[in-house]
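Every number in this note's numbering is 61 more than the matching position in the sequence shown, counting from 1.
Idealized CB from N, CA, C, for every residue including glycine.
Beneath this line is the structure, given in structure tokens, with notes to follow.
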Amino acid sequence: MPNPRAALVLTEAEQAALLRAARVLQVASINRDGTPHLVPMWFELDDEGVIVFTTYATSQKVKNLERDPRVTVLAEAGGAYNELRGVSIDARAEVVRDPAVTARALALVGAKYAGRPRPERPATPPAEFPAQAYKRVTVRVHPLRVRSWDHGKMGG
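In structure tokens:
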């Protein structure tokens, strides 16, 4: 018997389009006591197509991810039930403490939320980075398992 859920799955192209359009990424890390730490984050896809976000280096999510890199992220869209679309990704988080990487992530995320075109990657890195690049880190999300859905594919 065919799995009806399989008909709702987003293609890789549809997943990428949803991630490019989504405004908020729900990020769940694991607290020391095992409880989830769930926060909404602004994010973007980096130059390699990896989900990235920046956060303060001393934040709880960074402490959690450096202790245990398991993370689940969720991007979703839609108002009515038949419009619901989403992608949930179980992943390994990589915390990058490099101001050059964080400056690039800040530029990408900043352009997305300001409605500006995606900035080109500079041929040579600048001599100095924005002050925020030294206070923040970049988190890169490396997928292990992806689940997606589009209720619009149900028809009717």
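By alpha-carbon positions, which one of the options ends up nearest to residue i?
i, options, result
"Ala164", "Tyr174, Arg182, Phe190 and Ala67", "Phe190"
"Pro77", "Ser209, Met215, Pro180 and Gly213", "The sequence given here places Ala at residue 77; Pro does not occur at that position. Closest option to Ala77, Cα to Cα, is Ser209."
"Gly110", "Ala166, Pro160 and Thr96", "Ala166"
"Ile219", "Leu106, Arg128 and Asp159", "The requested residue 219 does not occur in the structure, where the chain is confined to residues 62 to 217."
"Lys124", "Leu106, Val157, Arg66 and Asp108", "Val157"
"Val85", "Lys122, Pro160, Tyr174 and His203", "Tyr174"
"Thr96", "Gly213, Gln121 and Leu106", "Gln121"
"Leu169", "Arg66, Val132 and Ile112", "Ile112"
"His98", "Val162, Leu126 and Arg66", "Leu126"
"Gln87", "Val202, Ala192 and Lys214", "Val202"
"Pro183", "Val162, Lys214, Ala83 and Val200", "Val162"
"Val200", "Glu155, Ala172, Lys214 and Met215", "Glu155"
"Gly171", "Gly213, Trp103, Gly216 and Met215", "Trp103"
Since residue i and residue j are thought to touch, with beta carbons under 8 Å apart, how far apart are those beta carbons, to the nearest angstrom?
i, j, result
"Pro130", "Arg93", "With 8 Å as the limit, Pro130 and Arg93 do not qualify as a contact, their Cβ atoms being about 14 Å apart."
"Ala194", "Pro160", "4 Å"
"Asp211", "Glu75", "7 Å"
"Ala192", "Val132", "Incorrect: roughly 27 Å between the Cβ atoms, too far for contact."
Exposed or buried, what is residue i when buried is set at 16 or more other beta-carbons lying within 10 Å of its beta-carbon?
i, result
"Thr185", "exposed"
"Arg197", "buried"
"Ala141", "exposed"
"Asp108", "exposed"
"Leu205", "exposed"
"Glu144", "exposed"
Return no unless some Cβ of chain B is closer than 9 Å to the Cβ of residue i.
i, result
"Ile150", "Considering every chain present, this structure includes no chain B. It has just one protein chain."
(message) Counting beta carbon pairs with one atom in the stretch 175-191 and one in the stretch 143-156, are three or more of them shorter than 8 Å?
(response) With contact defined as three or more Cβ pairs closer than 8 Å, the stretch 143-156 and the stretch 175-191 are not in contact.
(request) Would you check if the stretch 68-85 and the stretch 132-140 touch, i.e. whether three or more CB-CB distances between them fall below 8 Å? (result) Yes, the stretch 132-140 touches the stretch 68-85.
(request) Count the CB pairs spanning the stretch 111-131 and the stretch 65-77 that are closer than 8 Å, and state whether there are at least three. (result) The stretch 111-131 and the stretch 65-77 do not touch, with fewer than 3 CB-CB distances between them shorter than 8 Å.
(request) Can you check the stretch 95-172 for any alpha helix (DSSP H) of at least 4 residues that lies completely inside it and give the ranges in chain order? (result) 121-128, all fully within the stretch 95-172.
(message) Ignoring anything shorter than 4 residues, give me the alpha helix (DSSP H) runs that lie fully in the stretch 62-88, in order along the chain.
(response) Runs of the alpha helix (DSSP H) spanning 4 or more residues and lying entirely within the stretch 62-88 occur at 73-82, in chain order.
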